[in-house]
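Quick note on the working numbering: the sequence shown kicks off at 165 and runs consecutively. Heads up, the thing below is written out as structure tokens.
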Amino acid sequence: MATQVDMDKIVSLCKRRGFIFQSSEIYGGLGSAWDYGPLGVELKRNVKAAWWKSVVHGRDDVVGLDASILMHPETWRASGHTENFTDVLVDCKNCKKRFRKDHIDEKCPSCGKTDFTEGRAFNLMLKTFLGAVEDESSVAYLRPETAQGIFVNFNNVVNTTRKKLPFGIAQIGKSFRNEITPGNFTFRTREFEQMEVEYFTNPEDAKECHQQWIDERFNWYLEMGIKKENLQLRKHGDDELAHYAAGCTDVEYKFPFGWSELEGIANRTDFDLRQHSEFSGKDLKYHNTVTNEKFFPYIIEPSGGVDRATLAFIVDAYHEEQVKDNTRVVLRFSKELAPVKVAVLPLLKKNSDIVTKAKALRKELQKDFSCVYDDTAAIGKLYRRQDEVGTFFCVTVDVQSLEDQQVTVRSRDTMEQKRIPIERLKEYLQVEFSG
Ligand SMILES: [Zn+2]
165 MATQVDMDKI VSLCKRRGFI FQSSEIYGGL GSAWDYGPLG VELKRNVKAA WWKSVVHGRD
225 DVVGLDASIL MHPETWRASG HTENFTDVLV DCKNCKKRFR KDHIDEKCPS CGKTDFTEGR
285 AFNLMLKTFL GAVEDESSVA YLRPETAQGI FVNFNNVVNT TRKKLPFGIA QIGKSFRNEI
345 TPGNFTFRTR EFEQMEVEYF TNPEDAKECH QQWIDERFNW YLEMGIKKEN LQLRKHGDDE
405 LAHYAAGCTD VEYKFPFGWS ELEGIANRTD FDLRQHSEFS GKDLKYHNTV TNEKFFPYII
465 EPSGGVDRAT LAFIVDAYHE EQVKDNTRVV LRFSKELAPV KVAVLPLLKK NSDIVTKAKA
525 LRKELQKDFS CVYDDTAAIG KLYRRQDEVG TFFCVTVDVQ SLEDQQVTVR SRDTMEQKRI
585 PIERLKEYLQ VEFSG
């Protein structure tokens, strides 16, 4: 039976091994803001690259976009965020603390009294001012979702790519929400990265298309190594849906703090392009040149969180096992996601011939693989270190290597060791990683 790790272990490992640090830690940290360290940034880049490969390069009907974070304020009126993107907050009249109204029953969670102010809508968009003057005319918002950058570029993309329905536009980028209650490590933060596809389709095909994206996105997490028993789909109830949405299904992961959303796949109907047409005065209808019809396409939106996915991949990869008298901690990342693919280790760091050979080998391997060299401990300890960050293979150069031109290749998962001739090493690894 799979035993699930607690979050404290994950947070501690992430800090100790350089995956994730608290933001501005030397100043006491900034609440719910996190920095990806040397291994975390590699993992996160691999997550984004795998997603891009799956939804853009691996298909012929999706193109990419990288829109700016700052957008014309009218965008957010059209999208409904200015008016509706709010939480209702109340203040405790006794201790003056502020809470989300839907998060309290009767008593103040802080002091236990029951006397609150009236609820007040609090907009979650992060506001800033552009230019030198701070007044209403210079207000701008850090985007609360990447999607709107895609909608406002609909005509630009159609006109430059000549794409015909159905087709999609994909984007990865930062978004910002002034969450009242962030938490659970990198799961809910005020600054986060999204990976979204807006897929435009004929209205009559929308339902079927929605289901295809739900299946495709669920399977992607499995292909990237998430265990099936830790992944589920959850269909939104009618009371959860945005007023314009015709349906939404979440891909959820079984985190130590409970089943939580990694990605939502929504049928947004024709709401977005209709709204932006109305507010901008520009015609964002699609023109079918064969039938000469003009209409607003429906939009299917798979919207995932990069930070959430990255956290899920770490949690799911975490594995402890007893090896003799020791506990071996292994991050069993998939081949595609492992931040380091190969570590080159000299058996004796005092033997300069071994060190020279090992360093030359690293230099050769790093042309093709994410690769590190480490000689700062004895070999047993070096292996454990690499296991703990999920390095797929360790290649060890020893005294015998100087004579027979072979090295020991150790597998992370099986701990099996094989002697491989140096001249065939690259080919061996390429075969292993392609399989
Ligand atoms: Zn109180």
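Beta carbons are placed, not taken as given, at the ideal position from N, Cα and C, and that holds for glycine.
Notebook entry, point to check: In or out: Ile190 buried (at least 16 other Cβ within 10 Å) or exposed?
Noted result: exposed
Notebook entry, point to check: If we call anything under 9 Å between Cβ atoms a contact, is Arg549 one with Arg496?
Noted result: no
Check: How many Å lie between Tyr408 and Gln335 at the Cα?
Finding: 22 Å
Checklist line | Pocket of ligand 1 defined by Cβ to heavy atom distance under 6 Å | finding: Cys256, Asn258, Cys259, Lys261, Cys272, Ser274, Cys275 and Lys277
Check: Straight-line CA distance for Thr246 to Leu288?
Finding: 9 Å
Note to self: Let me check understanding here. Comparing Cα to Cα, which of Lys527, Leu529 and Ala522 lies closest to Gln564?
What the structure shows: Ala522
Item checked: Collapsed DSSP secondary structure at Gly428 in the structure displayed -> strand
Checklist line | Contacts around Cys275, its chain only, beta-carbon distance under 7 Å, and the 5 residues preceding and following it disregarded | finding: Cys256, Asn258 and Cys259
Check: Tell me the DSSP bridge mates of Leu234?
Finding: Leu306
Checklist line | Secondary structure, alpha helix (DSSP H): runs of 4+ residues fully inside the segment 344-405 | finding: 370-387
Check: Counting pairs of beta carbons, one from the segment 359-372 and one from the segment 457-477, are three or more of them closer than 8 Å?
Finding: yes
Note to self: Which residue wins for smallest C-alpha separation from Asp436, given the options Gly313, Phe477, Arg181 and His483?
What the structure shows: Gly313
Check: Distance, Cα to Cα, Glu282 vs Arg352?
Finding: 27 Å
Check: What are the boundary residues of the alpha helix (DSSP H) that Lys338 is part of?
Finding: First-last for Lys338: Phe331 to Phe340, but that is the beta strand (DSSP E), not the alpha helix (DSSP H).
Notebook entry, point to check: So, helix, strand or coil for Tyr592, using DSSP?
Noted result: helix
Next item on the list: Return the Cβ separation of Ile390 and Tyr417 in integer angstroms, given the expectation that the two are a contact with Cβ distance under 8 Å.
Entry: 7 Å
Notebook entry, point to check: Hey, Phe622 and Arg241: beta-carbon distance below 9 Å or not?
Noted result: Look at the range of the chain in this structure, 165 to 599, and you will see that residue 622 is not part of it.
Checklist line | Per-residue burial, Pro273 [other beta carbons within 10 Å of its own, 16 or more giving buried] | finding: exposed
Next item on the list: In angstroms with no decimal places, state the Cα-to-Cα distance between Val506 and Asp532.
Entry: 10 Å
Checklist line | Residues near Lys271 by beta carbon distance below 8 Å, same chain, minus five either side | finding: Lys277 and Thr278
Next item on the list: Report back the beta-carbon spacing between Glu206 and Met388 to the nearest angstrom; my notes put them in contact at under 8 Å.
Entry: Glu206 to Met388, Cβ: 15 Å. No contact.
Check: For the beta strand (DSSP E) that Asp517 lies in, which residues bound it at each end?
Finding: Not the beta strand (DSSP E): Asp517 falls in the alpha helix (DSSP H), residues Ser516 to Leu529.
Next item on the list: Would you please state the rounded distance, in angstroms, between the beta carbons of Thr560 and Leu509? I believe it to be under 8 Å.
Entry: 5 Å
Item checked: Asn348 vs Phe263 beta-carbon contact at 9 Å -> no
Next item on the list: Let me know the secondary structure DSSP gives Tyr547 once reduced to three states.
Entry: helix
Checklist line | CA nearest to the CA of Gly332, picked from Ile429, Thr455 and Gly228 | finding: Gly228
Note to self: Within a Cβ cutoff of 8 Å, which residues of the same chain sit near Glu591, ignoring the five residues on either side of it in sequence?
What the structure shows: none
Next item on the list: Keeping to the same chain, check which residues put their C-beta closer than 7 Å to that of Val519; ignore five residues upstream and five downstream.
Entry: Pro510, Lys513 and Asp539
Notebook entry, point to check: For Glu355, which option in Pro202, Asn452, Leu290 and Glu457 has the closest C-alpha, if you only look at C-alpha atoms?
Noted result: Leu290
Checklist line | His483, enclosing beta strand (DSSP E) - first and last residue | finding: Tyr482 to Val487
Margin query: If we require 4 or more residues per run, which alpha helix (DSSP H) segments fall completely within the segment 556-590?
Written below: 563-568
Check: At which residue ranges does the segment 437-498 contain complete alpha helix (DSSP H) runs of 4 or more residues, listed in the order of the chain?
Finding: 470-481
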